[in-house]
Amino acid sequence: KNEVEQSPQNLTAQEGEFITINCSYSVGISALHWLQQHPGGGIVSLFMLSSGKKKHGRLIATINIQEKHSSLHITASHPRDSAVYICAVRLGTSGSRLTFGEGTQLTVNP
Amino acid sequence: DAGITQSPRHKVTETGTPVTLRCHQTENHRYMYWYRQDPGHGLRLIHYSYGVKDTDKGEVSDGYSVSRSKTEDFLLTLESATSSQTSVYFCAISSPQGAHETQYFGPGTRLLVL
């Protein structure tokens, strides 16, 4: 079993829809990251969370440490949001190393 | 964007040949990482470095070696390439910042081993 599980694996939405991507992890962590990978491959960091909620534009990330769960929400989705969204955790004992989920492929249709 | 480049960006090679991938950074970050990305798997750590001449194995290190003789360069060598090493390879960098540490990724190298 992966230490980091994402759901769904694939998600197709219509432009304007509210989107939620989930990430669950099984061990203690010191931080959780959400990353975005566009077609063409570049990976960028969206959020880093250790508690609570963060918002950047139409993106909102939340984390519940007790339930070992995080969600990434996209409001008013747009075709340019189409990408792979990756959850990664820094385990409590791994120093700077990250453990990654398999990613969620999001496609937003016009 | 963090100043990270990878070379080559694409490579086709034959089984049994050695291959070296280069990661170069201009950010003076202390930590550097090599990952591979394959369908059905998340990014998996091959090797990492916490400083010059200070490297360690990740979860999928068999068949790979690394060297870091300068802060800015981290080399990944496939000693004798196999078809199972066909993948996309990403370099990443970070600096120790405790809970605020973020990794920055290079553009990736697509490697095809025939």
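Chains A and B, in that order, are what the protein sequence lines are.
Numbers 13 to 122, taken from my numbering, label the letters of the first sequence in order.
Numbers 10 to 123, taken from my numbering, label the letters of the second sequence in order.
A virtual CB, placed ideally from N, CA and C, is assigned to each residue, including glycine.
Just to confirm, is the Cβ distance from residue i to residue j under 8 Å?
{"i": "serine 74/B", "j": "threonine 86/B", "result": "yes"}
{"i": "histidine 56/B", "j": "glycine 72/B", "result": "no"}
{"i": "histidine 90/A", "j": "valine 120/A", "result": "yes"}
{"i": "glutamate 23/B", "j": "leucine 84/B", "result": "no"}
{"i": "valine 39/A", "j": "glutamate 15/A", "result": "yes"}
{"i": "leucine 110/A", "j": "alanine 95/A", "result": "no"}
{"i": "tyrosine 44/B", "j": "serine 58/B", "result": "no"}
{"i": "glutamine 1/A", "j": "glutamate 114/A", "result": "In the structure displayed, chain A extends from 13 to 122; residue 1/A sits before or after that span and is not available."}
{"i": "glutamate 88/B", "j": "proline 27/B", "result": "yes"}
{"i": "proline 83/A", "j": "leucine 44/A", "result": "It should be pointed out that residue 83/A corresponds to serine in this sequence rather than to proline. No, they are not a contact pair."}
{"i": "threonine 29/B", "j": "glycine 12/B", "result": "no"}
{"i": "glycine 51/B", "j": "isoleucine 98/A", "result": "yes"}
{"i": "glutamine 46/B", "j": "valine 97/B", "result": "yes"}
{"i": "histidine 38/B", "j": "arginine 119/B", "result": "no"}
In terms of alpha-carbon separation, which member of the options lies closest to residue i?
{"i": "arginine 31/B", "options": "Leu121/B, Glu110/B, Thr24/B, Phe99/B", "result": "Phe99/B"}
{"i": "phenylalanine 59/A", "options": "Ile13/B, Ala101/B, Tyr113/B", "result": "Tyr113/B"}
{"i": "valine 21/B", "options": "Pro105/B, Gln94/B, Pro116/B", "result": "Gln94/B"}
{"i": "glutamine 17/B", "options": "His33/B, Tyr40/B, Thr24/B", "result": "Checking the sequence, you will find proline at residue 17/B rather than glutamine. The shortest C-alpha separation from proline 17/B is found at His33/B."}
{"i": "tyrosine 42/B", "options": "Gly49/B, Leu54/B, His50/B, Thr35/B", "result": "Leu54/B"}
{"i": "serine 62/A", "options": "Ser42/A, Ile72/A, Leu47/A, Lys80/A", "result": "Ser42/A"}
{"i": "glutamate 27/A", "options": "Ile98/A, Ser19/A, Ala88/A", "result": "Ala88/A"}
{"i": "glutamine 78/A", "options": "His85/A, Phe112/A, Ile72/A, Gly64/A", "result": "Gly64/A"}
{"i": "isoleucine 31/A", "options": "Trp46/A, Gly53/A, Ile72/A, Pro51/A", "result": "Ile72/A"}
{"i": "isoleucine 75/A", "options": "Glu29/A, Ile33/A, Pro122/A", "result": "Ile33/A"}
{"i": "glycine 60/B", "options": "Ser76/B, Pro48/B, Ser70/B", "result": "Ser76/B"}
{"i": "histidine 68/A", "options": "Gly52/A, Pro51/A, Ile86/A", "result": "Ile86/A"}
For the beta strand (DSSP E) containing residue i, name the first residue and the last one.
{"i": "arginine 102/A", "result": "95-103"}
{"i": "glycine 64/A", "result": "64-68"}
{"i": "arginine 109/A", "result": "Counting along the chain, arginine 109/A falls outside any beta strand (DSSP E), and DSSP gives it neither H nor E."}
{"i": "aspartate 82/B", "result": "82-87"}
{"i": "phenylalanine 99/B", "result": "96-103"}
{"i": "phenylalanine 59/A", "result": "55-61"}
{"i": "glutamine 49/A", "result": "41-49"}
{"i": "isoleucine 85/A", "result": "The displayed chain sequence assigns histidine, not isoleucine, to residue 85/A. Per DSSP, histidine 85/A belongs to the beta strand (DSSP E) from 81-86."}
Sorry if obvious, but does the Cβ on residue i come closer than 7 Å to a heavy atom of the ligand MG?
{"i": "serine 42/A", "result": "The ligand MG is absent from the structure shown, which contains no ligands of any kind."}
State the CB to CB distance for the pair residue i and residue j, rounded to an integer number of angstroms; the pair is presumed to be in contact (CB under 8 Å).
{"i": "leucine 23/A", "j": "leucine 103/A", "result": "No, leucine 23/A and leucine 103/A are not in contact; Cβ-Cβ is about 27 Å, not under 8 Å."}
{"i": "alanine 101/B", "j": "glycine 115/B", "result": "7 Å"}
{"i": "tyrosine 37/A", "j": "lysine 66/A", "result": "That belief does not hold up - the Cβ atoms of tyrosine 37/A and lysine 66/A are roughly 17 Å apart, past 8 Å."}
{"i": "serine 108/A", "j": "serine 103/B", "result": "6 Å"}
Worksheet entry | Contiguous beta strand (DSSP E) assignments of at least 3 residues, all confined to the region 16-78 of chain B | Qualifying beta strand (DSSP E) stretches, in chain order: 19-22, 28-34, 40-46, 53-60, 63-66.
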